[in-house]
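One structure is given here, and the rest of the page talks about it.
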Amino acid sequence: MNFLRLGPVGREIPVVQHDGTTFDLRALTADLDGAFWSSDGIARTRAALERGELAELPDADSLRVGAPVARPNKIVCIGLNYRDHAAETGAPLPAEPVVFMKDPMTLVGPFDDVHVPRGSTQTDWEVELAVVVGTTIRYAESPEQAMRHIAGYAVSHDVSERGFQLERGGQWDKGKSCETFNPLGPCLVPADEVDDPQSLSLRLWVNGALRQNGTTGDMIFPVSHVVWYLSQFMVLYPGDVINTGTPAGVALGLPDHPYLRAGDVVELEITGLGRARQTLVAA
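Mapping to full-length UniProt numbering: the sequence shown position 100 is 100, numbers consecutive.
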């Protein structure tokens, strides 16, 4: 069972895909937002499917795919969370998770264009496992308890402008919050349908060349620790997105630094969570 939002920007329809059929969820919810996740939306969807209460959405294959999460309160990101990525950047392994924020308005669909910012010479790619919060988390008692608050997982592209991030002073946010810098999806897969979030393969291609090929098993801080840790410093609300870090293979870590330019095509996938594709265009 996969949750998606289909349709034009700002007018997406919430849907669920089950056994090869796309069903309209508007009988249950106006959107896949925090209110849906926090009100047993996944369980209610399963019950409605079992009772045959959901109508099939005609022509679903012809509709744009939006981000599977509507209007998150925040996007929280973890930097340097893969051992091989820390090694390629020459950074020591962090003793605690490296936390930064990303403007939630960067969220776009998995097949939408990504804008290379004006003045950019170092736009970089990063495939990441996204965690979507299902219920409010304050001061989780343990990593195991924190996992019970997760709605599901999705493919995330944490696009970065390295010059803005590392050479312009201040924190990383400037290089992370440019317009369109967080494609998400194509779908959200419920947490209880992902056997082990620490055994997923992540891959990313640029213009057909494989650049990243990693596994979530290489995370320094696993998903359970990340969610628990963040809850000690901030309240995590339903629909919030957590980007959990990227494996080795980014342009920053390659000898020739082949940063993205207008016209480049990035494709990315995570085992069981689907595949996305974005074209780079000039802002």
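Glycine included, C-beta positions come from ideal geometry on N, C-alpha and C. Quick caveat, the model's predicted, so the values are computed rather than measured.
Between the CA atoms of residue j and residue i - distance to the nearest angstrom
i, j, result
"Leu32", "Val281", "28 Å"
"Glu193", "Gly119", "43 Å"
"Ala130", "Ile242", "5 Å"
"Ala146", "Ser224", "6 Å"
"Gly208", "Val69", "28 Å"
"Ile78", "Met101", "9 Å"
"Phe111", "Tyr259", "20 Å"
"Leu93", "Gly134", "30 Å"
"Asn73", "Val65", "21 Å"
"Gln122", "Ala251", "8 Å"
"residue 312", "Arg5", "Look at the range of the chain in this structure, 1 to 283, and you will see that residue 312 is not part of it."
"Val114", "Thr180", "5 Å"
"Thr271", "Val132", "17 Å"
"Ala276", "Arg203", "11 Å"
"Ile13", "Ala30", "8 Å"
"Ser76", "Leu49", "The displayed chain sequence assigns Val, not Ser, to residue 76. Straight-line Cα distance between these residues: approximately 33 Å."
"Leu107", "Gln198", "24 Å"
"Leu200", "Asp84", "16 Å"
Residue burial classification, residue i (beta-carbon count within 10 angstroms, cutoff 16)
i, result
"Phe233", "exposed"
"Thr45", "buried"
"Ala86", "buried"
"Gly20", "exposed"
"Arg26", "exposed"
"Gly169", "exposed"
"Tyr139", "exposed"
"Val15", "buried"
"Gln171", "exposed"
"Asp158", "buried"
"Ser62", "exposed"
"Leu210", "exposed"
"Gly175", "buried"
"His257", "exposed"
"Asp124", "buried"
Cross-strand partners of residue i (DSSP beta bridge)
i, result
"Ile242", "Val76 and Val131"
"Asn81", "Beta-bridge pairing links Asn81 to no other residue."
"Val102", "It should be pointed out that residue 102 corresponds to Lys in this sequence rather than to Val. Lys102 is bridged to Ile75."
"Leu107", "Asn182"
"Ile270", "Leu202 and Gly274"
"Gly66", "Arg5"
"Glu96", "Glu96 is not bridged to any residue."
"Glu56", "Phe23"
"Gly188", "It is worth fixing the name first, because residue 188 is Leu in this sequence and not Gly. In DSSP, Leu188 forms a bridge with Phe3."
Residue span of the alpha helix (DSSP H) that contains residue i, given as start and end
i, result
"Gly34", "Gly34 to Ser38"
"Arg162", "Arg162 to Leu166"
"Trp205", "Looking at the DSSP string, Trp205 is not in any alpha helix (DSSP H); the run it does join, the beta strand (DSSP E), is Ser201 to Val206."
"Ala140", "Neither: Ala140 is in no alpha helix (DSSP H) and is coded neither H nor E."
"Gly274", "Where Gly274 is concerned, there is no enclosing alpha helix (DSSP H), although the beta strand (DSSP E) it sits in stretches over Gly274 to Ala282."
"Glu50", "Gly41 to Glu50"
"Val175", "The sequence given here has Gly at residue 175, not Val. Asp173 to Lys176 is the span of the alpha helix (DSSP H), which, as asked, contains Gly175."
Residue i - DSSP class collapsed to helix/strand/coil
i, result
"Val226", "helix"
"Asp256", "coil"
"Glu193", "helix"
"Leu236", "strand"
"Glu144", "helix"
"Ala91", "coil"
"Asp61", "helix"
"Gly214", "strand"
"Asp124", "strand"
"Ala209", "strand"
Residue range of the unbroken beta strand (DSSP E) whose run includes residue i
i, result
"Thr21", "Thr21 to Asp24"
"Ile150", "Ile150 to His157"
"Arg5", "Asn2 to Leu6"
"Pro14", "Ile13 to His18"
"Val116", "Val114 to Val116"
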